[in-house]
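At position 55 of the sequence shown (counting the first as 1) the number is 55 in full-length UniProt numbering, and the numbers step up by one without a gap. Here a beta-carbon is modelled for each residue, glycine too, at the ideal position from N, C-alpha and C. In this text the structure is predicted, and so the values were computed from the model without any measurement. In what follows, a structure is listed as structure tokens, so that the remarks can point back to it.
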Amino acid sequence: MNVINEAGILAISTRLHRLSEQLRKDGAMIYKAFGIDFELKWFPVIFTIYKKEIAGVVEIANEIGYTHPSTISLLKELEKLELIQWEKDKQDERKRLFKLTYKGSELIEKMKPVWELMSQVLGDIADNPNNLLAAINEAEGKIASQSFYQRVLQYKNSK
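The following block contains the structure:
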């Protein structure tokens, strides 16, 4: 066991980051192994557009939990690759609504069987007596009601 693992709960952020990086690295290699040219950073945006069929910037940013500027940056990348396109909202001319292009839809169809396989394998990885996804959902729920920072300040001020 290494020092970080021995740090226990204090190193949870480091360990989640480490796990996340490993999954991202493997995910990139999986796409490559299946002959799919796809960067993992695009996943939340393109998956949201695929599921919603059409969505505005604010809606996408809220869905994926990213800032408005970083969402726009990813949208621009996907637009440059001609995987998505936008049209003006008929109700609000200032608003742009994004949807998949034909090329984007083709890519999604290519990725669907890979996503199925990934889901199956990730399900096996997460399916432990202490289910990882359930634990993450619970922790995110607690943090959504009161952040880590707010909890520490509250504790500090109550002393």
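- Item | Length-filtered (4 minimum) alpha helix (DSSP H) runs lying within the UniProt domain "HTH marR-type" (29 to 130) | Listed in chain order, the complete alpha helix (DSSP H) runs (minimum 4 residues) inside the UniProt domain "HTH marR-type" (29 to 130) are 43 to 52, 57 to 64, 68 to 80, 102 to 126.
- If we count Cβ pairs, one from each stretch, closer than 8 Å, do we get three or more for the segment 52 to 68 versus the segment 94 to 101? With a cut-off of 8 Å on Cβ pairs, the segment 52 to 68 is in contact with the segment 94 to 101, counting three or more such pairs.
- How would you call residue 148, buried or exposed, if buried means at least 16 neighbouring beta carbons within 10 angstroms? Exposed, by the Cβ-count rule.
- Output the distance between the C-alpha atoms of residue 89 and residue 59, rounded to the nearest integer angstrom. Going by the C-alpha atoms only, they are around 13 Å apart.
- Message: With a threshold of 6 Å on Cβ separation, who are the neighbours of residue 122 within its own chain once the five nearest residues in sequence on each side are excluded?
- Response: Only residues of its own chain outside the window of five on either side were considered, and among them none has a CB closer than 6 Å to the CB of residue 122.
- For the alpha helix (DSSP H) that residue 142 lies in, which residues bound it at each end? That run of the alpha helix (DSSP H) goes 132 to 145.
- Message: The alpha helix (DSSP H) that contains residue 157, what's its start and end?
- Response: Element bounds for residue 157: 148 to 158.
- Query: When burial is assigned at 16 or more other CB atoms within 10 Å of the CB, is residue 29 buried or exposed?
  - Reply: A residue is called buried once 16 or more other Cβ atoms fall within 10 Å of its Cβ, and residue 29, having fewer, is exposed.
- Message: For residue 14, count the other beta carbons within 10 Å of its own beta carbon; 16 or more makes it buried, fewer makes it exposed. Which is it?
- Response: Looking at its Cβ environment, which holds fewer than 16 other Cβ atoms inside 10 Å, residue 14 is exposed.
- Message: Quick check: the Cα distance between residue 124 and residue 18, rounded to an integer number of angstroms?
- Response: If you take the alpha carbons of residue 124 and residue 18, they lie about 19 Å apart.
- residue 2 by DSSP, collapsed to three states: which one? In this structure, residue 2 counts as coil in the three-state DSSP scheme.
- Could you check the C-alpha separation between residue 103 and residue 32 for me, to the nearest Å? Their backbone Cα atoms lie some 18 Å apart in a straight line.
- Tell whether a beta-carbon distance below 7 Å holds between residue 34 and residue 114. Contact: yes.
- To the nearest angstrom, how far is it from the Cα of residue 67 to the Cα of residue 75? The C-alpha of residue 67 lies about 12 Å from the C-alpha of residue 75.
- Task: Measure the alpha-carbon distance for residue 25 versus residue 155 and round it to whole angstroms.
- Result: Computed Cα separation, rounded: 38 Å.
- Query: Is the CB-CB distance between residue 12 and residue 49 below 7 Å?
  - Reply: Note that the C-beta distance between residue 12 and residue 49 is not below 7 Å.
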